[in-house]
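S.K.:
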Amino acid sequence: MNSIEQVLVALRRVIRATDLHSKHLAKTTGLTAPQVLLLQAIRNKGEVTIGELANEVSLSQATVTNILDRLEKRGFVYRQRSQADKRKVHAYLTEEAVETLRDAPIPLQDQFTRQFGDLKEWEQSMIIASLQRVAQMMDAQHIDASPVLDIGVLDRQGASMDKPNAALDYGEGSDSADKK
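In this text, residue positions in the sequence shown follow full-length UniProt numbering: the first is 1, and each later residue adds one.
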């Protein structure tokens with residue numbers, strides 16, 4: 001295999017791993033990676049505002065609000081206006097969300113973060129520089145992205161279209177790598 005083929009195969013493996021993990025997460029929990037990320041942030045922070053959540057997970061407030069709307073409709077979260085400051089609204093987990101998080105697979109970015117953190121600083125720098133260069137070569141450096149490993153579509157206003165396809169099976173499905 002020549003160098004170009006090796007790079008393309010490595011990229012394809014990253015895309016497929018992300019896609020398969022997203023499908024597995026959707027099948028086992030009925031949730032997307034951004035939804036799980038938000039639920040984890042609420043669990044870890046306790047009483048938290050929408051703005052604090054947005055900062056914590058590196059998503060816009062509009063996207064966080066959109067995801068919370070969906071989670072609230074499904075009975076995973078509820079929002080309550082602060083008694084101390086009526087301008088603030090806090091998000092809280094329901095018992096169903098706590099149970100779902102307990103049974104959810106480890107997010108792909110958590111696995112990556114742990115292994116990446118074990119690398120020496122020079123190795124981390126090489127990976128960062130290489131991936132930034134690949135993004136530039138693919139004309140993707142201008143695309144806004146959050147630190148969530150998930151195959152999903154964001155609309156132009158930044159509102160996540162985060163409805164999982166629970167009918168998809170882990171390890172099966174098309175070999176498509178389409179992503180907007």
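Think of the CB as a built atom: it goes at the ideal place given N, C-alpha and C, for glycine as much as any other residue.
No experiment lies behind these values; they were computed from the predicted model shown.
1. Give every residue of the same chain whose Cβ lies closer than 7 Å to the Cβ of residue 55, excluding the five residues on either side of it in the sequence, and list them in chain order.
2. Please look up how many angstroms separate the CB atoms of residue 38 and residue 4, rounded, as I've assumed it's under 8 Å.
3. What does residue 93 pair with, by DSSP beta-bridge criteria?
4. For residue 49, which three-state DSSP category applies?
5. With a CB to CB cut of under 6 Å and the five nearest residues on each side skipped, what residues in its chain are close to residue 113?
6. I need the DSSP call for residue 105, collapsed to helix, strand or coil.
7. Measure the alpha-carbon distance for residue 65 versus residue 6 and round it to whole angstroms.
M.R.: Per the coordinate set shown:
1. Taking the first residue of the sequence shown as position 1, residue 55 is located at position 55. For residue 55, where only same-chain residues beyond five positions count, there are no Cβ hits under 7 Å.
2. Residue mapping note: residue 38 aligns to position 38 of the sequence shown, counting from 1. Residue mapping note: residue 4 aligns to position 4 of the sequence shown, counting from 1. Residue 4 and residue 38 do not touch by the CB rule: their CB atoms are close to 39 Å apart, not below 8 Å.
3. As a working note, residue 93 is residue 93 in the sequence shown. Beta-bridge pairing links residue 93 to 77.
4. Here residue 49 is taken as the residue at index 49 of the sequence shown, counted from 1. DSSP places residue 49 in strand when its eight states are reduced to three.
5. The count along the sequence shown starts at 1 and reaches residue 113 at position 113. Nothing listed; no residue qualifies.
6. Taking the first residue of the sequence shown as 1, we reach residue 105 at position 105. Coil at residue 105, not helix or strand.
7. What you label residue 65 is simply residue 65 of the sequence shown in a count that begins at 1. What you label residue 6 is simply residue 6 of the sequence shown in a count that begins at 1. Taking the straight line joining both Cα atoms gives about 41 Å.
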